[in-house]
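Read left to right, the sequence shown gives residues 0 to 276 (numbering that gives the first Met the number 0). The structure appears right after this line, and notes come after that.
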Amino acid sequence: MQAQPSIAQTPSLTFPQVFGTVVDWRTTVTNHLSTKSFEKLNAASSSIGMPTRLACAGISWPDFAQEWRTSYYEFTRAQANRHGKDPIAFKTVDDHHHDSLKELLVKHEIDHLWTDEEVLEISRIWHKLDGWSDSTGGLQALRNRGFIVTTLSNGNLSLLTDMKIHAKLNWSYVFSAERFGAYKPHPSVYLGACKELGLQPGQCAMVAAHLGDLGAAKNCGLQTIYIERPEEESWDVEKVREAKRKGWVDMWVDSEEDFVGGGILEVNRKFEVGTPL
């Protein structure tokens, strides 16, 4: 059993990671791609050629969405690794999503499916991701408990602001990696956010469904809260089990823990009963 840390360590602030932890990007993006392709292929005025139609017939939109998401991981990690070593102009996540979508359409031979304007509009679906069922209530519950609840996301500010409105996410503040000119997992993002709010890293807790993100935050001195979410963890099963067994993070929320609605609501419940951090 995982040892329970002392309540004396309760943080002043939580940084919930957004994509996958607070919002269900997979369902939203997959459904949007599927709907937009169906509408275009079946429009009365459609002039889509047979090669594109045949290519679309072989597309798995869930797999396509995962490829799109994977390209984001590769982009942000490459940018983080280059930060301070090979200066380049900062590229926003919006710009990456647009560019990578165009590349994927070419790769799958469906680059004639949508117009340039339609591709740009589709690439902005990341502004309108739906939250998990526990997210709106969970964030509000943490705020009601007195926590500062702030984004710490690689998403650009306009993306995060639109998502806040769409998914009804009541953040105390909206912090983007864009503010620090770097991407997680670069330490400057975690430490910069703590400094901006006048807090020491140990007074802050990163909340995420990705152990890699939590590892980077932990190395910067932040406390860590892990929430299991469907299909979000990139670590293999045995490595995840080992991390849980060793108490590698300060709080672990199982997907089966659904006493009050699971996820972020469960984080709040654990604070209430005095078991976490």
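Beta carbons: idealized from backbone N, C-alpha and C, even for Gly.
Any idea if arginine 52 is buried or exposed, counting beta-carbon neighbours within 10 angstroms, 16 or more meaning buried? exposed
Could you give the DSSP three-state label for proline 275: helix, strand or coil? Residue placement at proline 275 is flagged as unreliable, the pLDDT there being 49, under the threshold of 50; the coordinate-derived value follows with that caveat. It is coil, neither helix nor strand.
Which word fits alanine 2, buried or exposed, when buried means at least 16 other C-beta atoms lie within 10 angstroms of its C-beta? Confidence is the limiting factor: at alanine 2 the pLDDT is only 39, short of 50, which leaves the residue's position unreliable, though a coordinate-based value still follows. Alanine 2 counts as exposed, since fewer than 16 other beta carbons sit within 10 angstroms of its beta carbon.
Complete runs of the beta strand (DSSP E) confined to the stretch 0-83 [at least 3 residues]: DSSP runs (the beta strand (DSSP E)) wholly in the stretch 0-83: 12-15.
Would the stretch 13-29 and the stretch 157-175 be scored as touching if the rule is three or more Cβ pairs under 8 angstroms? yes
Proximity winner among Ser70, Glu195, Leu221, relative to serine 99 (alpha-carbon distances): Ser70
Mind checking whether alanine 181 and glutamine 65 have CB atoms under 9 angstroms apart? Contact flag unset, no.
Whole-number beta carbon distance between threonine 149 and serine 171, since they are thought to touch under 8 angstroms: With a Cβ gap of about 5 angstroms, serine 171 and threonine 149 count as contacting.
Touching by the beta-carbon criterion (3+ pairs, under 8 angstroms), the stretch 214-222 and the stretch 184-192: Here the stretch 214-222 makes contact with the stretch 184-192; the two share three or more CB pairs at distances below 8 angstroms.
Run through the DSSP bridge pairs and tell me what threonine 114 is partnered with. DSSP output for threonine 114 lists no bridge partner at all.
Take every Cβ of the stretch 226-244, pair it with every Cβ of the stretch 93-109, and state whether three or more of those distances are shorter than 8 angstroms. no
Assuming asparagine 215 and glutamine 16 form a contact by the criterion Cβ under 8 angstroms, report the distance between their Cβ atoms to the nearest whole angstrom. The sequence given here has alanine at residue 215, not asparagine. About 11 angstroms separates the two Cβ atoms, so there is no contact after all.
Neighbourhood of asparagine 169 by C-beta distance below 6 angstroms, restricted to the same chain and skipping five residues each side: Leu138, Gln139
What are the start and end residues of the beta strand (DSSP E) that includes isoleucine 224? 222-226
Residue from Asp94, Ser59, Asp62 with nearest C-alpha to phenylalanine 74: Put simply, of Asp94, Ser59, Asp62 the residue whose alpha carbon is nearest the alpha carbon of phenylalanine 74 is Asp94.
In chain order, what are the residue ranges of uninterrupted alpha helix (DSSP H) at least 4 long that sit wholly in the stretch 149-176? 156-166
Could you check where the beta strand (DSSP E) with alanine 215 kicks off and where it finishes? Per DSSP, alanine 215 belongs to no beta strand (DSSP E); it is in the alpha helix (DSSP H), 210-218.
Within 9 angstroms, strictly: CB atoms of histidine 126 and leucine 151: no
Which residues bound the beta strand (DSSP E) around alanine 207? 203-207
What first and last residue would you give for the beta strand (DSSP E) that runs through valine 252? It spans 250-252 - the beta strand (DSSP E) in which valine 252 sits, taken as one unbroken run.
Supposed contact pair glycine 130 and glycine 260 - C-beta distance, whole angstroms, cut 8 angstroms: About 12 angstroms separates the beta carbon of glycine 260 from that of glycine 130, a gap too long to meet the 8 angstroms contact definition.
Compute the Euclidean distance between the alpha carbons of threonine 114 and threonine 26, then round it to the nearest angstrom. 24 angstroms
Best match in Ile147, Lys167, Phe174 for proximity to threonine 9 [C-alpha to C-alpha]: Ile147
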